[in-house]
Structures are given as C-alpha cells and as structure tokens.
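Protein chains in written order, with this note's numbering: chain U, 531 to 641; chain F, 3 to 115.
For glycine and all other residues, C-beta sits at the position ideal for the given N, C-alpha and C.
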C-alpha cells in the first residue's frame, strides 16, 4: 500500500538560507500535493505536481518530481521567519482519490 | 469565495457522548474528504464523499463512525459513544473534481474527557 515519508523530520536554518525537504513514496501516483501547516492550524495548499510533470514553481517555492526514483523535493528559497511550519506531501494514488500523508518535516527559520 | 468551513472549531465531549462535526465545502465543490490527525503525526484519510454518496470509506473505523454529505447542507462526521482515543484534530477538505487540489478547512479539535 502507499506510504509517504518526508525527510528530514526536522530542519533548522538561518533566515535567508534555502530550505530543501524531500518526500519519497512506494507506489505510482496520480499527483503529489505539498502543504504547509502552522502549529494548531489547518493545512495550506502550496503546489500540486502531476505525475507527467517534472518541475513547478510558485514564488519562492520550487517543487521537483522524479517518478523513476519515486521522490519529490520542495525548495524554499530566501527563507523567512514566517516560513516556520510543518510541511507535508500528500500522495494521490492512481485509481484512488484520497491523499496519503507522511509525518511531515518541521522547519524552523531562525532570525 | 469563502474557503472550507468547519464547525465547531473545538469540541469537548465526555466518554460515551456523541460528537457531530460539520464541514461546508468551498462553493462549487462537490467532493469532500475527511482526515484525522493525532498530535505530532500526519493526516490519515477517513472517508471520501460526493453529494449523497460515500465513494471510499476505507479509512473509517468499522464501528461508531459514520459520515454523510446530503443533497442540501454540510457534510457531517458523526462519532457515537466517543472514547479517549478519539481525541484528535479532524480535518475536512474539498475539491471541484475528484483529481484536483484538495483545499482544507481549519479543523475541529475534539477532546474526549
């Protein structure tokens, strides 16, 4: 069955640096969706990347997808204190319309 | 266009009581998903509904949990005879089609005393 795993589990960097988070999965996907969650709040959608896409950009965010390695990465450039949050990848399986989540990456941006 | 609405935001129940969680999807969205999140963990899928139909309930516990999405009104997640282990954050998401971005609500935090 599908499993998602974010790596690293926690990441602490200085403001202005770039942050990279990775997501690996087990079985073929239809799409992969990255979300941000601030403590005690809901999930905010960041980017959706489909299985036939390799890279997408949105502002300071860049997402890549390598289906041969079953992995995706989220890059946040020029990080800000407001980027402090947990980041999750949600995997939509082929043939299923639910998202499978890992345990997330806790990102801390130090001023 | 208002986002996904959930109420109540916080719900406290004693063991054995019933909990009813409501979700109003974004305007124009007919696909609703419920997820549960335990502290320090990721979200776990529970159920996927379209108007008046349950499409996938593979993540729902077999007993005490039920969900509906009537023709009119919000989607309801009902938990009967709650136990302490039901304490969690319950999130609802909606999408315009079944293979699209899922937009999440703010969640309902259920505490069972």
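Are the CB atoms of residue j and residue i within a distance shorter than 8 Å?
i	j	result
residue 635 of chain U	residue 539 of chain U	yes
residue 544 of chain U	residue 620 of chain U	no
residue 14 of chain F	residue 110 of chain F	no
residue 627 of chain U	residue 50 of chain F	yes
residue 622 of chain U	residue 582 of chain U	no
residue 92 of chain F	residue 38 of chain F	yes
residue 107 of chain F	residue 572 of chain U	yes
residue 90 of chain F	residue 40 of chain F	yes
Is residue i close to chain F? Criterion is C-beta to C-beta, closer than 8 Å.
i	result
residue 626 of chain U	yes
residue 637 of chain U	no
residue 592 of chain U	no
residue 587 of chain U	no
Any C-beta of chain U sitting closer than 8 Å to the C-beta of residue i?
i	result
residue 45 of chain F	yes
residue 106 of chain F	yes
residue 50 of chain F	yes
Give me the residue from the options with the minimum Cα distance to residue i.
i	options	result
residue 629 of chain U	F:8, F:29, F:19, F:36	F:36
residue 32 of chain F	F:96, F:86, F:104	F:96
residue 579 of chain U	U:617, U:592, U:612	U:592
residue 47 of chain F	F:54, F:53, F:60	F:60
I believe residue i touches residue j by the beta-carbon criterion, under 8 Å. Please report the beta-carbon distance rounded to the nearest angstrom.
i	j	result
residue 72 of chain F	residue 25 of chain F	Their Cβ separation, rounded to whole angstroms, is 12 Å, which puts residue 72 of chain F and residue 25 of chain F out of contact at 8 Å.
residue 609 of chain U	residue 577 of chain U	16 Å between Cβ atoms; not a contact.
residue 552 of chain U	residue 603 of chain U	5 Å
Give, in chain order, every unbroken run of the beta strand (DSSP E) that is at least 3 residues long and sits entirely within the stretch 556-594 of chain U. Fully enclosed beta strand (DSSP E) runs of 3 or longer: 559-567, 573-580, 585-588.
Could you tell me which uninterrupted beta strand (DSSP E) segments, each at least 3 residues in length, are contained entirely in the stretch 13-89 of chain F, listed from first to last along the chain? If we require 3 residues or more, the beta strand (DSSP E) runs fully inside the stretch 13-89 of chain F come out as 21-26, 33-39, 45-52, 55-58, 67-70, 77-81.
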